[in-house]
Amino acid sequence: MAIQATYLGMPLDINDLDVENLAYFKHCAAHDFHLQRCGACGLLRYPPTTACPWCASPKSEWIAVEGRGAVHSYTEVHHAIQPAFRNHTPYLVLLVDLDTQRGKPGEHEALRVVGNLVTPQGRLAPPEMVRRVGIGTRVRMVFSDVAPGLALPQWTLDEGASQPASPWRYPQE
Amino acid sequence: MTMPNETDTTSPKHLCDKYAIVGVGETAYMRGSGMTTRALGTWAVRNAIEDAGLEPSDVDGMLSYQSGDSTFAPFIAGDLGMRLNFYMDVFGGGSSTEALVGLAMGLIEAGMCKVVVIFRAMNGFSQVRIGGTGARAAAPVSGDMLHSRAYGWQSAGQMFSPTFMRHMYDYGTRPEQVAAVKAIHSEHASNNPKAFYRKRVSVADVLASRIICKPLHLLDCCVETDNGTAIVVTNAERARDCRHPRVLIRGVVGRCSKPRMDMHYQHGPVSTVAGHYAREILWPNSGVGPEDIDATGSYDAFTFTTMLQLEDYGFCKKGEGGDYVSDGTIRLGGRRPNNTSGGHLCEGYTHGLNMVIENVRQLRHDADDSCPVGPDGRRRHTYDYREGGCRQVRNCELTANLGWANPGTGSAMVMRRD
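So the sequence lines, in the order shown, correspond to chains A and B. Here this note's numbering is used: the first residue of the first sequence is 129, the next is one more, and so on. Here this note's numbering is used: the first residue of the second sequence is 44, the next is one more, and so on.
What follows is the structure, encoded as structure tokens:
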């Protein structure tokens, strides 16, 4: 079932033929994070794809994956392009290494899942929270509800985790 | 350095020196062009053909690239009264120039064309802005963009920045080292009468300019301009009859990608970019190595894209790019100047073609600086690189162009003076 919705004033559109994204976001809407697991080699992948980037098999199944990890890299956006984000600067875009399948199939591989830094309620993080996060920060997944059948996976500080004493931040602050 | 004379068609080097760039041309680099991309393209193509000493009727192939912001080759060809044996308009931006040079060589090698012109025309300030603003920002987010643009992660600067951040984390690269790229390119631009920004800026100026998205300041980003640019490719024999000294193509690699390029942040070290893979084709095909190169043209959409490529193509060790770009090596008068025209950061933005044009002129020993022109029409270069002076690299024999599309895709080319 196609989905048209608006998130922060920005139109999102998933058409009927995009079955991989429809399946992915259906799980997200239920606040469950699922990824495709290859039916041949068993490796997980992100984002949704039509075949396995590790072994090229088209067979896969959706399985639940724990949404916890550490920030691999980030950018802090001060000049928003998307009009809807202009009231929310600075905001963070995070690349998060999931704990699941980290270092597989090679030492530099990980499931690097994109998201913004948000509050536990899924709203873009306020500046004081943005300033606390850098490379190495432990984060957990939460969801920003957009519409029935659609939520975006996001990241918030994992308050229950042991955090690095000073996560790496861009040095010119 | 010795150059092989005999052609061994069993070797990947067999196209070495078999093709040449014989013409280069452009419009002014400007804002508010007041004309269509079709007019910009027509003028650039016309200028390039004239520079080669050819007529439009001598050209039978045309290639162009764009991202929905230009004009198709048949219109330009029609306007100039040309009859083509082959044309193709490719979707794409950065890294297209070198890739299309490779395609042009293949067209001629296959007997489909004799002379091929490659152009890029864009109103990059007045119409579709590469920075991502305008109509594109308002379009619905779907498909792959649900995993990027939905997060306000859209412009090239935003998309590439995590790559650079991780490089700083992994290797201790400092903001002032990378800012030196802008400062040095602005020195070069100050000696380029056609550069859009000719004012010299300092490292401190870059670091004091406002943050766009960390780690990028405003002055770490290239300039958006309106312009057309074009080059003419033909075989080395035909090139002898053209107007200028021959600039021979030693080797090319086009749109070489990292593994899993659709989401290049997933696979391998994110701060290793496509040049790491492209160099395995570029240097063996060219029969030379980075140590042989006299000048580079590295795609400076941002200061750090230059640094990352110079590292991954092997001009310095991985992680030492910060020192390489800030220690004087890439400055005019240094061991291996980079982007002597000022590049995208200062001369103008035309998706890579202007740096190829610049290197062709460098190899002709005819950089269009402020040095006096002698009675024979040739410049008397002073090699005095102070502001407003010379920008010709002394004894420039071999250059490399490094094209960038995103961290996951790259193209490159080595050229030499005959």
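Positions of the beta carbon are idealized from the N, C-alpha and C atoms, including for glycine.
- With contacts defined by Cβ atoms closer than 7 Å, N402(B) and G330(B) do not form a contacting pair.
- Of all residues in the region 185-208 of chain A, those with a C-beta nearer than 8 Å to a C-beta of chain B are H200, S201, Y202, T203, E204, V205, H206, H207 and A208, reading in chain order.
- Of all C-beta pairs linking the region 429-438 of chain B to the region 229-237 of chain B, three or more are shorter than 8 Å, placing the two stretches in contact.
- CA-CA distance, N444(B) to R163(B), rounds to 17 Å.
- Contact annotation: in the region 235-267 of chain A, residues whose CB is within less than 7 Å of a CB in chain B are H236, E237, R240, V242, G243, N244 and I263.
- By DSSP's assignment, H260(B) forms a beta bridge with I254(B).
- Between P183(B) and P139(A), the alpha-carbon positions lie close to 5 Å from each other.
- W296(A) belongs to the set of residues whose beta carbon lies under 7 Å from a beta carbon in chain B.
- The C-beta separation of E440(B) from R460(B) comes to about 5 Å, placing the pair in contact by the 8 Å criterion.
- Under the three-state reduction of DSSP, Q164(A) is assigned to strand.
- Residues of the region 139-168 of chain A whose Cβ lies closer than 8 Å to any Cβ of chain B, in chain order: P139, L140, D141, I142, N143, D146, N149 and F153.
- Where I263(A) is concerned, there is no enclosing beta strand (DSSP E), because DSSP gives it neither an H nor an E.
- Residue burial annotation: V224(A) is buried, with at least 16 other C-beta atoms found within 10 angstroms of its C-beta.
- Straight across, the Cα-Cα distance linking V270(A) with G234(A) is about 28 Å.
- Contact between T265(A) and V221(A) does not hold, since their C-beta atoms are separated by about 14 Å, which reaches or exceeds 8 Å.
- At a cut-off of 7 Å between beta carbons, I254(B) contacts chain A.
- The residue from R379(B), L127(B) and C359(B) with its alpha-carbon nearest to that of I336(B) is R379(B).
- The region 104-124 of chain B and the region 249-267 of chain B do not touch, with fewer than 3 CB-CB distances between them shorter than 8 Å.
- Not a single CB atom of chain A sits nearer than 7 Å to the CB of P450(B).
- Linking S454(B) to E287(A) through their CA atoms gives a straight-line distance of about 44 Å.
- Restricting attention to alpha helix (DSSP H) runs no shorter than 4 residues, the region 102-143 of chain B encloses them at 116-122, ordered along the chain.
- Chain order gives the chain A residues near S191(B) as V242, where near means a beta carbon separation below 8 Å.
- Around the beta-carbon of I255(B), 16 or more other beta-carbon atoms lie within 10 Å, marking it buried.
- Secondary structure of C389(B) (DSSP, three-state): helix.
- When DSSP states are grouped into helix, strand and coil, Q132(A) belongs to the strand group.
- No Cβ of chain B is located within less than 7 Å of the beta carbon of F271(A).
- The continuous alpha helix (DSSP H) containing D213(B) extends over residues A199 to Y214.
- By the neighbour-count criterion, in which a residue is buried when 16 or more other Cβ atoms sit within 10 angstroms of its Cβ, L226(A) is buried.
- If you draw a straight line from the Cα of Y135(A) to the Cα of V274(A), it is about 6 Å long.
- Secondary structure at F347(B): helix, using DSSP grouped into helix, strand and coil.
- Secondary structure at D419(B): coil, using DSSP grouped into helix, strand and coil.
- Proximity of T176(B) to chain A, defined by a Cβ-Cβ separation below 7 Å, is satisfied.
- Proximity of chain B to Q300(A) at the Cβ level (cut-off 8 Å) is accounted for by P218, L250 and P258, in chain order.
- Interface residue (Cβ-Cβ distance to chain A less than 7 Å): R209(B) is classified as such.
- The alpha helix (DSSP H) runs of length 4 or more contained entirely in the region 132-213 of chain A are, from start to end of the chain, 147-157.
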